[in-house]
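Notes for the one structure printed next.
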Amino acid sequence: KRTDYLEQAADILMKYRSADTPVGVVRNAGREGEHKQLTTLGKLKDADVDMFSIVIIGNSNTYVRDGLMITPRGYREKGRMEGVL
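Residue 1033 in this note's numbering sits at position 55 of the sequence shown, and the numbers go up by one each step.
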């Protein structure tokens, strides 16, 4: 059963990421009946996911604000490069 694969994937990811990690699911992306939902890695097993779904797992810096999943770019942490551009 395909949902078993999703459950297995979530279990593997939770070995490395918090269960609170944001996850975005888009069903029928760009088509009639498009549906977006935000959930967490820990609740991914209960999400409405099928073969028409795209699942995006956030990283350790991803957060949710105003219903949007946001992942800051890494260059802020690395500092600014002098003399570039």
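Just so you know, even glycine gets a beta-carbon here, dropped at the ideal spot from N, CA and C.
Source: prediction; values computed, not measured.
Burial state of Thr-999 (16 or more Cβ within 10 Å)
buried
Check whether the region 1004 to 1012 and the region 983 to 994 touch, using three or more Cβ-Cβ pairs below 8 Å as the test.
no
Could you pull out every residue in the same chain whose Cβ sits closer than 7 Å to the Cβ of Asn-1039, ignoring the five residues on either side in sequence?
Thr-1049, Pro-1050
Run of the beta strand (DSSP E) containing Met-1029, from where it starts to where it stops
No beta strand (DSSP E) contains Met-1029, which DSSP labels as neither H nor E.
Taking the beta carbon of Leu-1046 as the centre, do at least 16 other beta carbons fall within 10 Å, making it buried, or is it exposed?
exposed
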